[in-house]
Amino acid sequence: MNTSKGWYNTVLQINNELESRAKSDHKHPLDLLLMEQTNTLIQLFNDCEFVGFSKTDPEAETIVSNALVNVQNSLSDKMDFVPENPFFNLYLGLLYLEKVLQLIKQEYESNLNTTLEHLESIIYNSNDYQNLVEVSRSIGRRIINEQQHPEFGKLKQHIAEQLEYIERTNRTEKTLPPQQTEKPKPEQETPKTFDELFHNIELVQPSIDILKEIEPPLIDTDYNYIGRLKGIICVWIDELQRQGIVKHYSDRKIFASLIPQKIKRFSIDESMFGKYQSKAENNYRTDIKTKVSKIKLSQNSQ
């Protein structure tokens, strides 16, 4: 793993190593914390790509790397409490990356100016700094003895290479061009029924039927939940959003509360919609994507 492989592949390799450790005798309780963070980042990379920010494009790599420099520099004078520990350094680097991707995703979704200078300015002036400091401080308190934590020497080195300070010479500060004043968009109304999640209500039933058609099915003919892997529901909703059948909502409680209106004997925690469901992704994404595409094609042909 090195800089040329890019941020996305770096996170994937860390995630793969953690999964291997989980199956061996060398696993550590803190591995779970790292794995949750890498799963979050993988999902964020996919979300960013969906709104137009390629996770492998060289220009995208430059934006992420330079934005990380600003995040680090802005916190350098507040991080005197940080212990020198491989686990903590790695986890902190992943936290930085999550903040950067969240802001990039927000900017692209808002159709604002997405130049490097603009993204850096947004991140540099972000109010999330204090939150990041507090999270880091909380994790820092758990670091008591380096010998009690997993050996992440190699991973630490790789992350450090990614986070090296990028020197800029002969550059004068540029002020952002004034943004055009636009009329505020009306707030999206919170849906009260499952059907209201859809752009076209006629696609509600065929979309639900997908859960009966996958193998093994998640619901029976009476729409009772009979599955064992709730992460498939997250992949299903995500694919319907990607193909423009279901509307986008940032509040995950909406999906968690409305899906049981159509699927009996089913409940799901809202937090599952923000995590990367590796087993569901690997085993069901392709089949669900194909079935959703057929629905979309059928709609377009009418």
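Just so we're aligned: the sequence shown equals residues 0 to 301 in numbering that gives the first Met the number 0. Every residue, glycine too, gets a C-beta built ideally from N, C-alpha and C. Since this is a predicted model, take the numbers as computed values, not measurements.
Is it true that the CB of E106 sits closer than 8 Å to the CB of L43?
no
Which partner residues does V245 have in the DSSP bridge list?
F197
How far does the alpha helix (DSSP H) with V203 in it extend, from its first residue to its last?
Residues 203 to 212.
Within the continuous alpha helix (DSSP H) that includes T9, where are the two ends?
Run containing T9: 5 to 21, per the alpha helix (DSSP H) assignment.
Identify whether I218 lies in helix, strand or coil by the three-state DSSP scheme.
strand
Using DSSP with H/G/I as helix, E/B as strand and the rest coil, what is Y275?
Correct three-state label for Y275: coil.
Would you say the beta carbon of Q260 comes nearer than 7 Å to a heavy atom of the ligand PLP?
Ligands displayed in this structure: none; no statement on the ligand PLP is therefore possible.
Taking only three categories from DSSP, how would you classify K26?
coil
Helix, strand or coil for K229 per DSSP?
The answer is coil: DSSP assigns K229 none of H, G, I, E or B.
DSSP three-state label for E172, please.
Low confidence applies here, because E172 scores a pLDDT of 42, under 50, leaving its location unreliable and the question unanswered by this model.
Through-space distance from L217 to L210, alpha-carbon basis:
5 Å
Nearest-angstrom beta carbon gap, L32 and Y90 [assumed within contact, 8 Å]
7 Å
Give me, in chain order, the residues of the same chain whose beta-carbon lies closer than 7 Å to that of S206; leave out the 5 immediate sequence neighbours on both sides.
L239, I244, I294
Neighbourhood of G5 by C-beta, 7 Å cutoff - its chain only, sequence neighbours within 5 removed
T55, E60
Are at least three pairs of beta-carbons, each pair with one atom in the segment 21 to 29 and one in the segment 253 to 269, less than 8 Å apart?
no
Local Cβ density within 10 Å of E212, reported as buried at 16 or more and exposed below that
exposed
Name the DSSP beta bridge partners of K263, please?
Under DSSP, K263 shares a beta bridge with N223.
So what does DSSP say about D56, is it helix, strand or coil?
coil
C-alpha distance - K26 paired with L94, whole-angstrom precision:
If you take the alpha carbons of K26 and L94, they lie about 22 Å apart.
Under three-state DSSP, which class holds E188?
coil
Assign D250 to one of three DSSP states: helix, strand, or coil.
coil
Coarse secondary structure for G50, derived from DSSP in three states:
One point to set straight first is that residue 50 is Val, not Gly, in the sequence displayed. V50: coil per DSSP, three-state reduction.
Using the C-alpha atoms, what's the distance from V63 back to S53?
11 Å
D286 by DSSP, collapsed to three states: which one?
helix
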